[in-house]
Structure formats: structure tokens, C-alpha cells
Amino acid sequence: MNQVFEYVHKELEQGEKKLYKGIQLYFSPLRESEILFIGINPGIGYSKYNNKNVKRLNPLEKFEYSGQKYLLATQTKKVFTELELGLQFSQAVKINQFPFATTDEKSLKKLLDQYGKTHKLYYLSKKFVLQTIEDVKPKLIICEGKSSFDRLKNILQAEPVEYNENTYVLRHNNYVVIGYKRHLSFIKDKEELKEKIMMYYKKAAPNIV
Numbered sequence: 154m155n156q157v158f159e160y161v162h163k164e165l166e167q168g169e170k171k172l173y174k175g176i177q178l179y180f181s182p183l184r185e186s187e188i189l190f191i192g193i194n195p196g197i198g199y200s201k202y203n204n205k206n207v208k209r210l211n212p213l214e215k216f217e218y219s220g221q222k223y224l225l226a227t228q229t230k231k232v233f234t235e236l237e238l239g240l241q242f243s244q245a246v247k248i249n250q251f252p253f254a255t256t257d258e259k260s261l262k263k264l265l266d267q268y269g270k271t272h273k274l275y276y277l278s279k280k281f282v283l284q285t286i287e288d289v290k291p292k293l294i295i296c297e298g299k300s301s302f303d304r305l306k307n308i309l310q311a312e313p314v315e316y317n318e319n320t321y322v323l324r325h326n327n328y329v330v331i332g333y334k335r336h337l338s339f340i341k342d343k344e345e346l347k348e349k350i351m352m353y354y355k356k357a358a359p360n361i362v
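Take the sequence shown: its letters are residues 154 to 362, numbered as in the working numbering.
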């Protein structure tokens, strides 16, 4: 899919100077892993600090969260460390529902509204997510935010087994999906998230095949 995303990147860079901040497919190596993180889309960090759009179509050499100190990375690492899942965390894979970088989710929505159909952004993003799940073969998918969980729920056409105020859970094929509500980079209820990971993944791990 890299060639297709390369083409879309060039088209968006030429046609959308304000909303589009680049493309990044992976935030980790691409490998089989027990844990797959799926956010909603890349943020403005690279563009802000490098004064140019990001273009990363290949996997990274190591999981980005392992060495980063920004809030979402440190909170997520703490959750898994406290659950004694540090090794699984360090070997995790991370992507986003949409690989197109924007300033925020509102800007992403505007970008999708304007170019979603003409450039097949929804279709390509869905295909990328499903292909990554197939390649990674996760036992646990963590959706970083309600919007990420809702999109994956719709892609998989699966009904949640839990849909609470701050956490969401569904089972599909050989894996469990757990999502959580967030405000910007802040996990709304870390303790509830830990409970769901413990209940549906850590304790159930021997039964997940």
C-alpha cells in the first residue's frame, strides 16, 4: 500500500496546504505482537518542531512510546508497567485509524469531508488497519480514544460487550478490543482501563488463541 499512500500524500500536499500535515503509517516496528495500539491520527508534533510535513511510510526501528516522555506515552507505559505487562508493552505495535497528520480531530474531520471520497481516504485507511491486524495477529487491541474504538467497531461490524462512560470492550475473532475515553492526551480513567485489561486480557490470556 505504500505506493498508494505515496501518491495520496503528494496529492494532498499540493492541494491542501492548511489542514494536511503529512503522513505516518507506523509508530513502531511491524511485527507479530500480542498488543496493537490504534489511535485516531498523527498529530502536529513533527510538523511543529521540524517546520515541514511528516512523511514516514516505513515502520520505525522501535516502539515510539518506549522512549518518549509526552503525556499519553508516559500514562500508557505506566498502565502496562503497573499490570506487570512491561515486556509486552515494549514489543507492541502502534498505528492510527487514519495515517494523515492534522492539527487536531476537528481538522481531520474537515480533511476527510473535503478529500475522503475523491482520494478514497476512508477506504485506504480501513484497508490499512485490517491489513495491519492481519499481520500483527494481536491478542489485545487498545483503541486510544472513543472515536478510534467507534471506528474499529464499525469496521469490524462487532457489537461491544461493554460500552461504559470511560471504557469500551468488544471481542472479535481471536482478540479483544479495549478502548478508553480521553481528553487530548489525558486518559480519563486509568484505573478502569487497568481493570478492563486485567479482566479481558491478562486473566483471560491463556484462553485467547
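All residues carry an ideal CB built from backbone N, CA and C; glycine is no exception.
{"Item": "Residue interval of the beta strand (DSSP E) (run including Leu324)", "Value": "Before going further, note that residue 324 is Arg rather than Leu in the sequence given. Segment 320 to 325, the beta strand (DSSP E) holding Arg324."}
{"Item": "Nearest residue (CA-CA) to Gly239, options Glu187, Ser300, Lys174", "Value": "Glu187"}
{"Item": "C-alpha gap between Lys201 and Asn194, whole angstroms", "Value": "16 angstroms"}
{"Item": "Test item: CB-CB of Ala254 and Lys174 under 8 angstroms", "Value": "yes"}
{"Item": "Beta-carbon spacing of Val282, Phe302 below 8 angstroms", "Value": "no"}
{"Item": "Beta carbon of Gln250 nearer than 8 angstroms to that of Arg304", "Value": "yes"}
{"Item": "contact_flag[the region 338 to 345, the region 315 to 323] where n(CB pairs < 8 angstroms) is 3 or more", "Value": "yes"}
{"Item": "Distance CB(Glu159)-CB(Leu210) smaller than 8 angstroms", "Value": "yes"}
{"Item": "Cutoff 6 angstroms; reference Ala311; Cβ partners in own chain excluding five residues on either side", "Value": "Leu323, His325"}
{"Item": "Heavy atom of the ligand NAP within 7 angstroms of Leu210 beta-carbon", "Value": "This structure does not include the ligand NAP; it has no bound ligands of any sort."}
{"Item": "Nonlocal neighbours in the same chain, by C-beta distance under 6 angstroms from Lys263, ignoring five residues either side", "Value": "Leu172"}
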